[in-house]
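Position in the sequence shown (from 1) plus 25 gives the number in our numbering.
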Amino acid sequence: MPNAFITGTSSGLGRALAERLLQQGWAVYGVSRRGCDLPGICDTTCDLTDTNAVPAALDALLAGVERLDLVVLNAGVVGQIRLLAETPLPDAKQVMDVNLWANKTVMDRLHARGRPVDQLVMISSGAAVLGNKGWGAYALSKAALNMLAKLYAHELPHTHITALAPGIIDTAMMDYLCDEADADAFPALKRLQDARGSERMPDPATAAARVLDVLPRLRERPSGSFVDIREILEPEAYAQLYAGR
Ligand SMILES: NC(=O)c1ccc[n+]([C@@H]2O[C@H](COP(=O)([O-])OP(=O)(O)OC[C@H]3O[C@@H](n4cnc5c(N)ncnc54)[C@H](OP(=O)(O)O)[C@@H]3O)[C@@H](O)[C@H]2O)c1
Numbered sequence: 026m027p028n029a030f031i032t033g034t035s036s037g038l039g040r041a042l043a044e045r046l047l048q049q050g051w052a053v054y055g056v057s058r059r060g061c062d063l064p065g066i067c068d069t070t071c072d073l074t075d076t077n078a079v080p081a082a083l084d085a086l087l088a089g090v091e092r093l094d095l096v097v098l099n100a101g102v103v104g105q106i107r108l109l110a111e112t113p114l115p116d117a118k119q120v121m122d123v124n125l126w127a128n129k130t131v132m133d134r135l136h137a138r139g140r141p142v143d144q145l146v147m148i149s150s151g152a153a154v155l156g157n158k159g160w161g162a163y164a165l166s167k168a169a170l171n172m173l174a175k176l177y178a179h180e181l182p183h184t185h186i187t188a189l190a191p192g193i194i195d196t197a198m199m200d201y202l203c204d205e206a207d208a209d210a211f212p213a214l215k216r217l218q219d220a221r222g223s224e225r226m227p228d229p230a231t232a233a234a235r236v237l238d239v240l241p242r243l244r245e246r247p248s249g250s251f252v253d254i255r256e257i258l259e260p261e262a263y264a265q266l267y268a269g270r
């Protein structure tokens, strides 16, 4: 039976990835702070920024697992959309801790046991390269995540690594971006608000299916690459999105 380890399985994309893989007969191991309600998942609760707790939590979760076919480092937070100059450093560091450094902690523990990992996807974002006003800490953290993927690709030649922007998805993250953040001050939010409720912003189940479908195509790129899923699945929308940057 193939197996996968996914972070951030309590909601959104991570939960939907877990659900789809379980339906396809995979063994799925998950972690988040709130926990995952899906029947059949092997799940643990842990704050991935707690560097003291993560190693023991992962060792217990993955005890007896000798290899992993797929790892998706998906857990992430968006932080607040606001001017970088008005972002307190502790807030920016918190976003960086979840979106970047927690992934280093997980990567190092996964590989400390010499457990082979076949394919590993770090969930990045278009924000990593678009540089839109107001996306400060989140954009910085995802840009750094792209480099994390590239650097680990040198160190883990037997694991195929991709930093993947999954496109926009209607998850809890969008509740904040579409309902609370200030689209007049930060115009990039307008595109998200316009897309919500349309097929341009799929639900988590649809987005998870898209991510899983492109996995073989990610392997055609060099390990460590950043790939935006829209480049593969919606080249016109991708060209339009990135033209303005
Ligand atoms: N939604 C989009 O349009 C979009 C676009 C591009 C990229 N992404 C990326 O996709 C990924 C998933 O986001 P989503 O949209 O599915 O948002 P979401 O529904 O808010 O899910 C985020 C997941 O991350 C987990 N998480 C956050 N902080 C954590 C921590 N300290 N320790 C452990 N788990 C933590 C959450 O679990 P707990 O709260 O239970 O800990 C939750 O399961 C993120 O990396 C995000 O940046 C999303």
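All residues carry an ideal CB built from backbone N, CA and C; glycine is no exception.
Would you say histidine 185 reaches chain C, if we count a Cβ-Cβ gap shorter than 8 Å as a contact?
You won't find chain C in this structure, because it holds only one protein chain.
Determine whether the beta carbon atoms of isoleucine 254 and valine 236 lie at a separation below 8 Å.
The sequence position of residue 254 within the sequence shown is 229, counting from 1. The sequence position of residue 236 within the sequence shown is 211, counting from 1. The answer is yes: Cβ separation under 8 Å.
Which parts of the segment 59 to 108 are runs of the beta strand (DSSP E), unbroken and 3 residues or longer, counting only runs that do not cross its ends?
The segment 59 to 108 contains these whole beta strand (DSSP E) runs: 67 to 70, 93 to 98.
Taking only three categories from DSSP, how would you classify histidine 136?
The residue labelled residue 136 in the question sits at position 111 within the sequence shown. Residue state, collapsed to three classes: helix.
Under the three-state reduction of DSSP, which class applies to tryptophan 160: helix, strand or coil?
To locate residue 160, count along the sequence shown from 1; it is residue 135. Strand.
What distance in whole Å lies between the Cβ atoms of alanine 213 and asparagine 157, which are believed to be in contact at a cut-off of 8 Å?
Residue 157 sits at position 132 when you count from the first residue of the sequence shown. Residue 213 sits at position 188 when you count from the first residue of the sequence shown. Rounded, the Cβ-Cβ distance is 4 Å, consistent with contact.
Cutting at 6 Å between CB atoms, please list the residues of its own chain near alanine 52, excluding the five before and the five after it.
As a working mapping, residue 52 is identified with position 27 in the sequence shown. So the qualifying residues of the chain are Met26, Asn28.
Pull up the CB-CB distance for alanine 41 and proline 229, whole angstroms please, since I reckon it's below 8 Å.
Your numbering for residue 41 matches position 16 in the sequence shown. Your numbering for residue 229 matches position 204 in the sequence shown. Contact holds; Cβ gap of about 4 Å.
Who are glutamine 144's beta bridge partners in DSSP?
For the purposes of this step, residue 144 is taken as the residue at position 119 of the sequence shown. Note: glutamine 144 sits in a beta bridge opposite Leu95, His185.
Between the Cα of histidine 185 and the Cα atoms of Ala100, Gln144, Arg59, which residue gives the shortest distance?
The residue labelled residue 185 in the question sits at position 160 within the sequence shown. The candidate whose alpha carbon is nearest that of histidine 185 is Gln144.
Just verifying my parser: in three-state terms, what is the DSSP assignment at glycine 55?
Locating residue 55 in the sequence shown gives position 30, where the first residue counts as 1. The answer is strand: DSSP assigns glycine 55 an E or B state.
Checking the sheet assignment: what are the DSSP bridge partners for isoleucine 31?
One-based indexing of the sequence shown puts residue 31 at position 6. DSSP lists Gly55, Val97 as partners of isoleucine 31.
Can you find a heavy atom of ligand 1 that lies under 7 Å from the Cβ of arginine 59?
Within the sequence shown, residue 59 is the residue found at index 34, counting from 1. Yes - ligand 1 has a heavy atom lying nearer than 7 Å to the Cβ of arginine 59.
Please report the straight-line C-alpha distance between glycine 60 and proline 141, rounded to a whole angstrom.
The count along the sequence shown starts at 1 and reaches residue 60 at position 35. The count along the sequence shown starts at 1 and reaches residue 141 at position 116. Between glycine 60 and proline 141, the C-alpha separation is close to 25 Å.
According to the Cβ coordinates, are leucine 47 and glycine 65 closer than 8 Å?
On the sequence shown, residue 47 is found 22 positions in, with the first residue counted as 1. On the sequence shown, residue 65 is found 40 positions in, with the first residue counted as 1. Their beta carbons are under 8 Å apart, which means leucine 47 touches glycine 65 by this criterion.
So, leucine 83 versus arginine 134, is the Cβ gap smaller than 8 Å?
As a position in the sequence shown, residue 83 is number 58, starting the count at 1. As a position in the sequence shown, residue 134 is number 109, starting the count at 1. A contact, by the Cβ cut-off of 8 Å.
How many Å lie between aspartate 204 and leucine 38 at the Cα?
Position 179 of the sequence shown, counted from the first residue, corresponds to residue 204. Position 13 of the sequence shown, counted from the first residue, corresponds to residue 38. Spanning the two alpha carbons is a distance of roughly 19 Å.
Please identify the residue among Val120, Leu95, Cys67 whose C-alpha is closest to the C-alpha of proline 241.
Translated into the one-based positions of the sequence shown, residue 241 becomes position 216. Selected option, being the one with the closest Cα: Leu95.
Tell me which residues share the same chain as lysine 167 and place their Cβ nearer than 6 Å to its Cβ, disregarding the 5 neighbours each side in the sequence.
Here residue 167 refers to the residue found at position 142 of the sequence shown. So the list reads Ser149, Ser150, Ala152, Ala153, once near-sequence residues are dropped.
Count the other CB atoms within 10 Å of the CB of leucine 98; is the residue buried (16 or more) or exposed (fewer)?
Taking the sequence shown and counting its residues from 1, the one referred to as residue 98 is at position 73. The residue in question, leucine 98, is buried, as its Cβ has 16 or more Cβ neighbours within 10 Å.
Could you check if isoleucine 148 belongs to the surroundings of ligand 1, using beta carbon to heavy atom distance under 7 Å?
In the sequence shown, residue 148 corresponds to position 123, counting from 1. True, at least one ligand heavy atom lies under 7 Å from that Cβ.
Tell me the rounded alpha-carbon separation between glutamate 245 and threonine 187.
Numbered from 1 along the sequence shown, position 220 holds the residue referred to as residue 245. Numbered from 1 along the sequence shown, position 162 holds the residue referred to as residue 187. Near 11 Å, if we compare the C-alpha coordinates of threonine 187 and glutamate 245.
Using 8 Å for Cβ pairs, my map puts serine 36 next to threonine 196. What's the rounded Cβ distance?
Numbered from its first residue, the sequence shown carries residue 36 at position 11. Numbered from its first residue, the sequence shown carries residue 196 at position 171. About 7 Å; that satisfies the 8 Å criterion.
Could you check where the alpha helix (DSSP H) with valine 123 kicks off and where it finishes?
In the sequence shown, the residue the question calls residue 123 occupies position 98. It is not in any alpha helix (DSSP H) - valine 123 carries neither H nor E in the DSSP assignment.
Apart from the five residues on each side of it in sequence, which residues of its chain come closer than 8 Å, Cβ to Cβ, to alanine 208?
Along the sequence shown, one-based indexing puts residue 208 at 183. So the list reads Leu214, Lys215, Gln218, once near-sequence residues are dropped.
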